[in-house]
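Asks: So the sequence lines, in the order shown, correspond to chains U and C. Using our numbering, read the first sequence as starting at 3 and increasing by one per residue. Using our numbering, read the second sequence as starting at 207 and increasing by one per residue. Shown below is the structure under consideration.
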Amino acid sequence: MSKTLFEKVWESHIIDSIPKGPSVLYIDRHFIHEVTSPQAFEELKTRVLLIFKKERMIATVDHNVPTKNQHLPILDTLSKKQVQILFENCKINGIDFFGLLHKNQGIVHIIGPELGYTLPGMTIVCGDSHTSTHGAFSAIAFGIGTRQVAMVMASQCLVQKKPKQMRIHLIGLTKISVSPKDVILYIISKVGTDGAVGYFVEYSGKIFRKMSMEGRMTICNMSIEMGAKGGLIATDKTTLNYFNKIKFIPKNILLEEALYYWRRLYTDTDVFVDREYHFYASDISPMITYGTNPGMSFNIISRIPKNNVDPQQYMGFKAGYSLIGLPIQYVFIGSCTNSRIEDLRIVAHVVKNRKKAFHVLALIVPGSRQVVSQAKKEGLDIILKQSGFEFREPGCSACLGMNEDKLPFGAYCISTSNRNFIGRQGFGARTLLASPLVASIVAIEGKIIDVNKHMSKIERYGKN
Amino acid sequence: MEKIERLESRAIPLPIENIDTDQIIPARFLKSSKRQDFGKNLFRDWKYSNKGHIKENFILNNSRFSGQILLVGRNFGSGSSREHAAWALFDYGFRIVISSFFADIFKENALNNGLLPVEISERYLKYLFKTIFYNRHILFSVSLYRQIIKIEKSFFYDYFSMEKYKKTCVLIGQDDIDFLISLIYKIKTFEKKIHF
């Protein structure tokens with residue numbers, strides 16, 4: 003019988019089903035971080051329960067950590083306490099913990115794939131909504147709340163209703179200036195921020211097959227922004243090659259059998275899904291958001307639409323005006339969406355031998371220690387520093403403004419992160435989401451410009 | 207977890223769509239390692255200006271509106287998976303949130319914490335908003351057992367759907383952990399079959 007990719011993975015992880023009700027889903031990997039886990043450990047303690055499978059968990063600190071001087075003690079007492087509690091909990095329970103300065107530390111969704119914890123066809127959860135990132139590896143990955151974190155700790159299972167399925171198909175290929183971030187922003191703007199609530203999305207089309215794993219992770223990462231439970235992309239040669247590249251391959255895995263399973267991770271040809279969207283990839287241009295949710299985005303040269311639903315006039319834009327020429331004060335390149343080595347390479351390529359605009363504060367926060375060391379190996383950090391970028395240490399940083407990397411009231415920030423909600427990057431800070439390419443060009447020009455026109459210039463940027 | 211069977215209360219209307227969890231509780235207030243005391247930071251940036259002054263026009267600052275029911279526009283609780291959003295609402299005193307639909311993770315978090323998300327039709331939601339702005343003293347009664355919501359002293363009511371399993375959980379005030387623990391033997395057998 004033909005099945006979708008989602009059904010193949012889902013059905014191989016069902017332990018039990020309640021008649022006419024939800025199923026019990028086995029969870030292969032459980033990532034934890036300092037913000038949503040302390041209450042879960044507390045819950046287990048009060049219920050006198052033990053961690054069921056500690057070897058299926060890894061812990062790291064990312065949300066709440068400073069990105070400057072990580073070798074010094076954390077200044078914020080509450081942040082310090084949260085990090086300390088996670089460390090203690092992991093030590094007591096014997097969970098692998100990657101603390102600050104550990105060579106594997108980083109944003110949880112970046113370190114999962116690069117350490118080989120994320121493998122194709124797995125079920126993965128984490129107390130963070132952007133867990134959908136791991137869907138790039140054909141894994142059913144979704145974010146959960148703290149109570150569910152405790153459930154997975156206690157039983158390695160979750161009671162879950164089977165979500166409906168959606169397929170998003172892109173026809174053809176994109177223009178050269180279009181990056182995966184633009185593709186997903188375009189999709190969200192079409193589907194809407196609530197268009198996929200209750201669905202699990204699978205992306206298909208030539209463009210996704212040609213994309214690198216990093217690009218696919220960016221796509222799946224932002225699936226949650228249209229309300230989807232998660233995103234999926236079928237396994238192909240690129241996926242399998244990724245595991246040849248990384249150094250760390252789990253020891254206890256029977257590669258032959260695993261490969262047999264992994265090679266079957268695609269949607270069969272003649273299956274129906276609950277909902278299907280088709281878009282032309284050639285319609286996609288470099289995108290930017292103009293509003294207060296990720297669905298409010300458009301081609302960078304467009305004008306603000308008339309029905310601009312910005313209830314409090316938070317962004318300060320007027321309908322009918324274009325964003326071209328808008329001065330930008332901050333540029334943030336980081337977060338689990340765009341802080342992988344590939345993104346850093348793009349930025350370095352663009353800014354090489356150029357200086358950032360003098361009024362721009364440009365932050366670059368790599369996703370993990372491994373990304374940092376790779377960047378140093380390639381000399382990217384020097385290029386970035388010479389261009390006037392602040393090259394920070396790994397963490398979530400200004401994506402959600404939990405640590406001290408908060409933006410001031412009223413500032414405009416081009417961010418490669420995933421959410422432009424009101425006050426997300428700091429009270430009153432105004433976020434415009436864009437791809438690393440757009441962000442780095444803006445950092446140099448100091449204002450928003452038509453990227454398409456400057457593509458030839460960018461080609462030159464790298465050469466001289 | 208507190209159980210809910212039925213509730214009769216006034217409601218606070220918040221007719222805004224796509225309220226994300228960053229609005230319900232901003233990330234900078236997630237630093238506590240306990241489950242309590244999040245209520246004081248509920249809708250923090252909507253309640254206070256950047257200088258810490260109370261914003262008078264925000265409905266939670268309006269003492270004329272009160273109640274244990276929060277009436278909100280569709281797609282409530284989108285964005286971050288933070289369960290702190292559900293804790294903050296519960297801690298503030300809300301027991302029921304009514305909307306036409308909720309974001310997936312928020313809905314699960316709410317159900318796991320004895321905060322009942324009630325999903326009604328868009329049309330009835332609009333009607334409820336209209337009613338409450340017409341008369342803010344009006345009482346709503348929600349019965350989980352019968353899955354019905356109605357306005358007191360009127361004939362207008364609506365049914366809301368809810369999964370049978372979750373309904374039972376909320377009615378008896380229990381979450382999934384006990385159920386999952388009872389399956390441990392089955393889980394262990396399953397684990398033997400998988401390779402990685």
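Ideal Cβ positions, reconstructed from N, Cα and C, are used throughout, including at glycine.
Which value, in whole angstroms, describes the spacing of the CA atoms of U:Ala198 and C:Leu220?
Replies: Straight-line Cα distance between these residues: approximately 23 Å.
Asks: Taking 8 Å as the threshold (beta carbon to beta carbon), is U:Ile186 in contact with chain C?
Replies: False, the Cβ-Cβ gap to chain C never drops below 8 Å.
Asks: Hey, is U:Ser477's beta-carbon within less than 8 Å of any beta-carbon in chain C?
Replies: No answer is possible for residue 477 of chain U: it lies beyond the span of chain U, which begins at 3 and ends at 466.
Asks: Any idea what DSSP makes of C:Asn341, helix, strand or coil?
Replies: C:Asn341 falls in the coil class under three-state DSSP.
Asks: If we define contact as Cβ-Cβ less than 8 Å, is U:Ala2 a contact residue for chain C?
Replies: Outside the displayed span of chain U (3 to 466) sits residue 2 of chain U, for which this structure offers no information.
Asks: Below 8 Å between beta carbons: does that hold for U:Pro75 and U:Met219?
Replies: For U:Pro75 and U:Met219, no; Cβs fall outside 8 Å.
Asks: Under the three-state reduction of DSSP, which class applies to U:Phe100: helix, strand or coil?
Replies: Looking at U:Phe100 - three-state DSSP - the assignment turns out to be strand.
Asks: Please confirm if C:Tyr371 has its CB atom under 8 Å from at least one CB of chain U.
Replies: It does: the Cβ of C:Tyr371 has a partner Cβ on chain U nearer than 8 Å.
Asks: Would C:Leu277 count as contacting chain U if we go by Cβ distances under 8 Å?
Replies: C:Leu277 does not count as touching chain U.
Asks: Shorter than 8 Å from the beta carbon of U:Leu267 to some beta carbon of chain D?
Replies: As a matter of chain content, chain D is missing from the structure shown, whose protein chains are U and C.
Asks: Kindly indicate if chain U contains any beta-carbon less than 8 Å away from that of C:Pro219.
Replies: No - not a single Cβ of chain U is within 8 Å of the one on C:Pro219.
Asks: When you compare the CB of C:Leu266 with every CB in chain U, is at least one pair closer than 8 Å?
Replies: Answer no: the Cβ-Cβ gap between C:Leu266 and chain U never drops below 8 Å.
Asks: What beta strand (DSSP E) runs, 3 residues minimum, are completely inside the region 165-203 of chain U?
Replies: Here the runs fully enclosed are 166-173.
Asks: In chain order, which continuous runs of the alpha helix (DSSP H) of length 4 or greater are located wholly inside the region 262-324 of chain C?
Replies: Within the region 262-324 of chain C, the complete alpha helix (DSSP H) runs of at least 4 residues are 290-298, 310-317.
Asks: By Cβ distance below 8 Å, which residues in the same chain neighbour U:Ser39 in space, the five residues on each side in sequence not counted?
Replies: Correct list, in chain order: Ala61, Leu88, Asn91, Gly129, Thr148, Val151.
Asks: Given a cut-off of 8 Å on the beta-carbon distance, is the pair C:Ile355 and C:Phe366 in contact?
Replies: Contact: yes.
Asks: Inspect the CB distances between the region 412-422 of chain U and the region 376-387 of chain U and report whether three or more fall short of 8 Å.
Replies: No, because fewer than three Cβ pairs between the region 412-422 of chain U and the region 376-387 of chain U fall closer than 8 Å, the two stretches do not touch.
Asks: From which residue to which residue does the beta strand (DSSP E) around U:Tyr414 run?
Replies: U:Tyr414 -> beta strand (DSSP E) spans 414-417.
Asks: Going along the chain, which residues of its own chain have a beta-carbon closer than 6 Å to the beta-carbon of C:Asp364, five neighbours each way excluded?
Replies: Correct list, in chain order: Ile326, Tyr330, Ile355.
Asks: Inspect the beta-carbon positions of U:Asp276 and C:Asn281 and report whether they are closer than 8 Å.
Replies: No.
Asks: Drop a sphere of 10 angstroms on the beta-carbon of C:Gln242, count the other beta-carbons inside from all chains shown, and report buried for 16 or more, exposed for fewer.
Replies: Exposed.
Asks: Output yes if chain C places a C-beta closer than 8 Å to the C-beta of U:Leu7; else output no.
Replies: Not closer than 8 Å to any Cβ of chain C, the Cβ of U:Leu7 fails to qualify, so no.
Asks: Of all the residues that make up the region 376-390 of chain C, which are near chain U by a beta-carbon distance shorter than 8 Å?
Replies: Answer in chain order: Asp381, Asp382, Ile383, Phe385, Leu386, Ile387, Leu389, Ile390.
Asks: Alpha carbons only, please: which of U:Ile29, U:Asn355, U:Ala260 is nearest the one belonging to U:Ile126?
Replies: U:Ile126 has its Cα closest to that of U:Ile29, out of U:Ile29, U:Asn355, U:Ala260.
Asks: In the DSSP assignment, the alpha helix (DSSP H) including C:Tyr391 goes from what residue to what residue?
Replies: Counting along the chain, the alpha helix (DSSP H) containing C:Tyr391 begins and ends at 390-399.
Asks: Helix, strand or coil: how does DSSP classify U:Tyr262 here?
Replies: Note: U:Tyr262 maps to helix in three-state DSSP.
Asks: Taking DSSP as the reference, what is the three-state secondary structure of U:Leu88?
Replies: U:Leu88 falls in the helix class under three-state DSSP.
Asks: Counting Cβ pairs, one atom from each stretch, are 3 or more of them under 8 Å apart for the region 389-402 of chain U and the region 277-290 of chain U?
Replies: Short answer: they don't touch.
Asks: For U:Gly200, which of U:Gln427, U:Ala230, U:Glu258, U:Ser181 has the nearest alpha-carbon?
Replies: If we check each option's Cα against that of U:Gly200, U:Ala230 comes out closest.
Asks: For U:Cys159, which residues in chain C fall below 8 Å Cβ to Cβ?
Replies: Per Cβ cutoff of 8 Å: Leu386, Leu389, Ile393.
Asks: Could you tell me whether any Cβ in chain U is nearer than 8 Å to the Cβ of C:Lys237?
Replies: It does: the Cβ of C:Lys237 has a partner Cβ on chain U nearer than 8 Å.
Asks: Quick one: measure Cβ to Cβ for C:Leu377 and C:Glu262, integer angstroms, because I've assumed they're closer than 8 Å.
Replies: Between C:Glu262 and C:Leu377 the Cβ distance is about 40 Å, and since that is not below 8 Å, they are no contact.
Asks: U:Cys338 and U:Ile190 look like a contact to me (Cβ under 8 Å); what is the Cβ gap, rounded to whole Å?
Replies: Not confirmed; about 16 Å, so no contact.
Asks: Threshold first: 3 residues or longer. Then list the beta strand (DSSP E) segments lying entirely within the region 308-391 of chain U, N to C.
Replies: Within the region 308-391 of chain U, the complete beta strand (DSSP E) runs of at least 3 residues are 332-335, 363-366.
Asks: Who does U:Arg217 pair with in a DSSP beta bridge?
Replies: According to the sequence as given, residue 217 of chain U is Gly; it is not Arg. For U:Gly217, which the question treats as bridged, DSSP gives no partner whatsoever.
Asks: For chain C, find out if any of its Cβ atoms is closer than 8 Å to the Cβ of U:Met404; answer yes or no.
Replies: Yes, contact with chain C.
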